[in-house]
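Reading the sequence shown from the start, the letters are residues 1 to 228 in UniProt numbering.
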Amino acid sequence: MSAASDSIVEKVYLRIRDMAIDFEFKPGERLNEVALSKELGVSRTPLREALNRLSIEGLLRFLPGKGFFCRDLDVQEIFALYELRKSLEVSALRLAIQRATDNDIRDALSFLDSTGPEAGERSVAEMVALDEAFHERIMAMSGNAEMLRVLKNVNARIRFVRWIDMNRGDRPASQREHHRLLEALQARNEAEGVAILEQHIDRRMDQITSAIREGYAHIYMPDASRRQ
1 MSAASDSIVE KVYLRIRDMA IDFEFKPGER LNEVALSKEL GVSRTPLREA LNRLSIEGLL
61 RFLPGKGFFC RDLDVQEIFA LYELRKSLEV SALRLAIQRA TDNDIRDALS FLDSTGPEAG
121 ERSVAEMVAL DEAFHERIMA MSGNAEMLRV LKNVNARIRF VRWIDMNRGD RPASQREHHR
181 LLEALQARNE AEGVAILEQH IDRRMDQITS AIREGYAHIY MPDASRRQ
């Protein structure tokens with residue numbers, strides 16, 4: 001495949017990935033490949049390559065003989081992804097306590113200070129992106145690129161639920177927990193850091209169910225602010 005073809009596939013992949021993450025397709029909806037190829041101005045070949053990649057990543061579903069479908073907002077799947085996220089981040093924190101440099105930690109504290117405790121003029125989507133960036137920064141301190149790669153996939157698959165959480169949540173309280181986490185990391189206090197992180201990430205089944213119920217309301221009765 002030529003570099004130009006690779007570039008087209010990547011652009012199509014990124015565009016449909018954003019659409020899938022934001023549920024621009026309705027949950028369970030079958031994707032119309034003909035309409036998508038026209039909308040994106042590409043042939044079916046790069047489109048199919050992008051769709052296959054997104055199916056492998058869990059952002060779309062493929063049913064043989066039927067085609068590609070938008071994933072459902074499934075309570076059990078989201079709960080499992082939060083469990084996976086917690087396991088990944090706790091393991092990474094343990095490694096970061098051993099491997100992170102003092103400069104790494106100071107940079108993370110500066111990042112936290114620069115983003116501030118208040119939302120300010122930021123959209124909910126921007127706040128979710130900042131939150132992901134913070135947690136991925138901690139993950140990067142573990143020195144394990146494969147764990148970071150998996151976390152980025154998990155973050156993409158739960159982003160819509162995190163958008164709901166952030167929309168109704170308390171950012172200053174979340175930022176205080178982030179600061180306490182970095183202080184524990186700076187002190188190389190594994191027990192305290194793990195306790196803070198587990199409490200910060202934990203989501204009960206009823207909390208996820210409530211967030212998904214609210215998510216369906218946003219999908220089927222769209223609020224213009226969701227796309228900001």
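Glycine included, each C-beta is placed from N, C-alpha and C at the ideal position.
Exercise. How many whole angstroms separate the CB atoms of Leu182 and Ala96, which I take to be in contact at a CB cut-off of 8 Å?
Worked result: The residue labelled residue 182 in the question sits at position 182 within the sequence shown. The residue labelled residue 96 in the question sits at position 96 within the sequence shown. Leu182 to Ala96, Cβ: 10 Å. No contact.
For this session: Look at the alpha carbon of Arg188 and the alpha carbon of Asp102, and state the distance between them as a whole number of angstroms.
Result: The sequence position of residue 188 within the sequence shown is 188, counting from 1. The sequence position of residue 102 within the sequence shown is 102, counting from 1. Their Cα atoms are separated by approximately 10 Å.
Exercise. Can you tell which of Met19, Met147, Gln175 and Pro117 has its C-alpha closest to the C-alpha of Ala92?
Worked result: By 1-based counting over the sequence shown, the position of residue 92 is 92. The shortest C-alpha separation from Ala92 is found at Met147.
For this session: Within 10 angstroms of the Cβ of Met205, are there 16 or more other Cβ atoms? Answer buried if so, exposed if not.
Result: Locating residue 205 in the sequence shown gives position 205, where the first residue counts as 1. Met205 should be labelled exposed.
For this session: Scan the UniProt domain "HTH gntR-type" (6-73) and note each continuous beta strand (DSSP E) run of 3 residues or more that stays entirely inside, going in chain order.
Result: If we require 3 residues or more, the beta strand (DSSP E) runs fully inside the UniProt domain "HTH gntR-type" (6-73) come out as 60-63 and 67-70.
For this session: Report all residues from its chain with a CB closer than 6 Å to the CB of Arg171; omit the five preceding and five following residues, and keep chain order.
Result: Taking the first residue of the sequence shown as 1, we reach residue 171 at position 171. Result list for Arg171: Ala119, in chain order.
Problem set entry | Anticipated Cβ contact below 8 Å, Val154 with Arg85, distance rounded | Within the sequence shown, numbered from 1, the residue matching residue 154 stands at position 154. Within the sequence shown, numbered from 1, the residue matching residue 85 stands at position 85. Indeed, because the Cβ distance is near 5 Å, the residues count as touching under 8 Å.
For this session: Say yes only if the C-beta of Arg53 is nearer than 7 Å to one or more non-hydrogen atoms of the ligand PLP, and no if none qualify.
Result: Absent from the structure shown: the ligand PLP. Ligands present: none.
For this session: Within 10 angstroms of the Cβ of Leu81, are there 16 or more other Cβ atoms? Answer buried if so, exposed if not.
Result: The count along the sequence shown starts at 1 and reaches residue 81 at position 81. Burial call: buried.
Exercise. With burial defined as no fewer than 16 other Cβ atoms inside 10 Å of the residue's Cβ, what is the status of Ile8: buried or exposed?
Worked result: To locate residue 8, count along the sequence shown from 1; it is residue 8. When all chains shown are included, Ile8 counts as buried.
Problem set entry | As assigned by DSSP and simplified to three states, the class of Asn153 | Along the sequence shown, read from residue 1 onward, the residue named residue 153 stands at position 153. The answer is helix: DSSP assigns Asn153 an H, G or I state.
For this session: Leaving out five residues on either side along the sequence, give the residues of the same chain with a beta carbon under 8 Å from the beta carbon of Tyr216.
Result: Position 216 of the sequence shown, counted from the first residue, corresponds to residue 216. Closer than 8 Å at Cβ, skipping near neighbours: Pro27 and Leu73.
For this session: Flag this pair as yes or no: are the beta carbons of Val60 and Arg48 separated by less than 8 Å?
Result: Taking the first residue of the sequence shown as position 1, residue 60 is located at position 60. Taking the first residue of the sequence shown as position 1, residue 48 is located at position 48. With the sequence shown as reference, residue 60 is identified as Leu, and Val is not the correct amino acid for it. If you check the CB distance, Leu60 and Arg48 do not come in under 8 Å.
Exercise. Beta carbon of His200, beta carbon of Leu112: below 8 Å?
Worked result: Taking the sequence shown and counting its residues from 1, one reaches residue 200 at position 200. Taking the sequence shown and counting its residues from 1, one reaches residue 112 at position 112. Going by C-beta atoms, His200 is not nearer than 8 Å to Leu112.
Problem set entry | Sequence-distant residues of the same chain with beta carbon closer than 6 Å to Asp18, five excluded per side | By 1-based counting over the sequence shown, the position of residue 18 is 18. Taking C-beta separations shorter than 6 Å and ignoring five residues to either side along the sequence, Asp18 has no partners in its chain.
Exercise. Are there three or more Cβ pairs, one per stretch, closer than 8 Å when the region 153-169 is compared with the region 25-43?
Worked result: Judged by Cβ distances under 8 Å, the region 153-169 makes no contact with the region 25-43, as fewer than three pairs qualify.
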